[in-house]
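Quick note: to get this note's numbering, add 54 to the position in the sequence shown (first position is 1).
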Amino acid sequence: MIREWTHAVANTGLHYREADFGDSALDEFECGDEPHAIEMRDFFQARGWSGKALNFPRPSRCLQFGTLDAIVGYVAFVIQERPYPTFKGKKKRDYLLIAQMAIVTGFQGIRDPDGTATYAREIFDELKRIAQQEKCAGLYLNVRKENGKARACYEKAGFKADGEYLSPHMPGAEMIRYRLEI
Ligand SMILES: CC(C)(COP(=O)(O)OP(=O)(O)OC[C@H]1O[C@@H](n2cnc3c(N)ncnc32)[C@H](O)[C@@H]1OP(=O)(O)O)[C@@H](O)C(=O)NCCC(=O)NCCS
């Protein structure tokens, strides 16, 4: 099925648009069978970015990314103030906070044949562009310490660790904050 995208990412095969609650593609979304991947799948299938699902209190924007004929992944994000220039900093700046992100299993680790990087890294480049447009200092996210694949992906994209904490929402979950200045 050819999808109708609203944005094309320059010099890549990637496109995107605001995710639509009524899109049945969301019901078929899957991104792996590890517990954190199931958590992501359930979030996007439940349209969790509305702020009404899965202990996710804030409404956020959600972008659906894809090629001309397939869904590549989803990113839910909000613009939010964070301490600057690190978590211990006294100042505050706006960041594009990536609340949840997941790539369809078949596109994980795959380089875009029409671009220069993996689809995941191309998505970060586009998020950086959006963050710049929104006058943010950078991108920000929190990830489970045990999620080695996601952490490797973030570090390759240029994110720097910004301290660790125990999640107040998920008992026992050790988390790491990451930020990427633009
Ligand atoms: C996290 C996610 C978005 C990253 O996308 P991706 O396409 O897999 O990312 P990339 O391939 O660009 O980067 C992953 C890197 O981790 C490496 N890697 C793969 N499995 C790994 C593992 N178990 N431990 C450490 N590194 C790993 C890959 O080799 C790759 O590095 P390389 O480019 O040097 O080869 C995607 O894997 C995903 O959706 N996972 C399920 C949901 C999820 O965990 N979301 C994030 C929650 S915060």
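Ideal Cβ placement from N, Cα and C applies to all residues, glycine included. Just so you know, these numbers come straight off a predicted model, no measurement behind them.
Considering just the uninterrupted stretch of the alpha helix (DSSP H) at GLN162, what are its terminal residues? Element bounds for GLN162: n/a, residue is neither H nor E.
Under three-state DSSP, which class holds GLU135? Three-state DSSP puts GLU135 in a strand.
Which runs of the alpha helix (DSSP H) spanning at least 4 residues fall entirely within the segment 71–134, listed in chain order? Fully enclosed alpha helix (DSSP H) runs of 4 or longer: 89–99.
Taking 6 angstroms as the limit between beta carbons, can you name the residues of its chain near TYR208, skipping five residues before and five after? The residues are TYR232.
Can you tell me which of LYS189, GLY86 and ALA174 puts its alpha carbon nearest to the alpha carbon of GLN118? Out of LYS189, GLY86 and ALA174, ALA174 has the C-alpha closest to the C-alpha of GLN118.
Which of the three DSSP states, helix, strand or coil, is assigned to GLU58? It is coil, neither helix nor strand.
Taking ALA91 as the reference, give the member of ILE184, GLN154 and LEU122 with the closest Cα. In terms of CA proximity to ALA91, GLN154 leads the group ILE184, GLN154 and LEU122.
First and last residue of the uninterrupted alpha helix (DSSP H) at LYS203: Element bounds for LYS203: 202–210.
Contact between the segment 134–152 and the segment 186–195 (3+ Cβ pairs under 8 angstroms): These segments touch.
Does LYS182 pass the burial test, meaning 16 or more other C-beta atoms within 10 Å, or should it be called exposed? Buried, because 16 or more other Cβ atoms sit within 10 Å of the Cβ of LYS182.
Beta carbon of THR172: closer than 7 angstroms to some heavy atom of ligand 1? Answer for THR172: yes, Cβ within range of ligand 1.
Answer with buried or exposed for SER114, where buried requires no fewer than 16 other C-beta atoms within 10 angstroms of its C-beta. Burial is judged here by how many other beta carbons sit within 10 angstroms of a residue's own beta carbon; SER114 has at least 16 and is buried.
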